Amino acid sequence: MDHSNNAQHDEGLPERSLHNLIYCSLATPNLDPAEIDQIITTAKRYNPRYGITGLLVYGSGIFFQWLEGPKDNVIGLMKRIGEDSRHLNLVILSEEDEVRERLFPNWDMELVEAAEIGDVLKNALKEASDEKQKQMLLMFLKQLQIA
Ligand SMILES: Cc1cc2nc3c(=O)[nH]c(=O)nc-3n(C[C@H](O)[C@H](O)[C@H](O)COP(=O)(O)O)c2cc1C
395 MDHSNNAQHD EGLPERSLHN LIYCSLATPN LDPAEIDQII TTAKRYNPRY GITGLLVYGS
455 GIFFQWLEGP KDNVIGLMKR IGEDSRHLNL VILSEEDEVR ERLFPNWDME LVEAAEIGDV
515 LKNALKEASD EKQKQMLLMF LKQLQIA
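Residues are numbered in our numbering as their position in the sequence shown, beginning at 1, plus a constant of 394.
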């Protein structure tokens, strides 16, 4: 397909690569639920300063977090999160650089109940405008149905 007629060249706006990182981890046994609110409060203060958006899912003692933003900032935050004693056994599920729109442009860091993650992803899919976004969301929805 030839899109050349539609191509827009915004000379002053180079395409920006978005770093996307997804991990899951195990909450420290007997973690006080107040700590979850504390994490979100910290994130809402910290993430906007670094252009980081995403969501944190917590349920059944497991965290699942989606971070998107400039590469160095996401890696810097991930290092701090990795050293946090409120969780263990952190496993990175996916990490990549892509030129695409953010999936959660308005969420500095939103806490989502485990039961609600399917709906959140389906809504994001409805609003998604670019093909890469859609592919990622579909991949996650597919994984959730298998799990
Ligand atoms: C599961 C989990 C998710 C977290 N997510 C974020 C986050 O998105 N943004 C953030 O600033 N801190 C987050 N934190 C908190 C950081 O690990 C760290 O406590 C915080 O950045 C303050 O770091 P400091 O004590 O070095 O200032 C998270 C912690 C956990 C356990």
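Note that CB positions come from ideal geometry on N, CA and C, so glycine has one too.
Please read all numbers here as calculations on a predicted model, not as lab measurements.
State the Cα-Cα distance for the pair residue i and residue j, rounded to the nearest angstrom.
i, j, result
"Thr436", "Met503", "9 Å"
"Phe560", "Ala518", "This structure gives no information on residue 560, because the portion of the chain shown stretches from 395 to 541."
"Glu490", "Met533", "14 Å"
"Asp478", "Arg494", "30 Å"
"Glu492", "Glu510", "26 Å"
Under 7 Å between the Cβ atoms of residue i and residue j?
i, j, result
"Ala421", "His481", "yes"
"Asn414", "Ile446", "no"
"Ser488", "Ile433", "no"
"Tyr452", "Ile469", "no"
"Leu449", "Trp501", "yes"
Identify whether residue i lies in helix, strand or coil by the three-state DSSP scheme.
i, result
"Gly476", "helix"
"Val514", "helix"
"Glu490", "strand"
"Leu497", "coil"
Margin query: Give the list of continuous beta strand (DSSP E) stretches no shorter than 3 residues that lie fully inside the segment 411 to 477.
Written below: 412 to 421, 447 to 453 and 456 to 463
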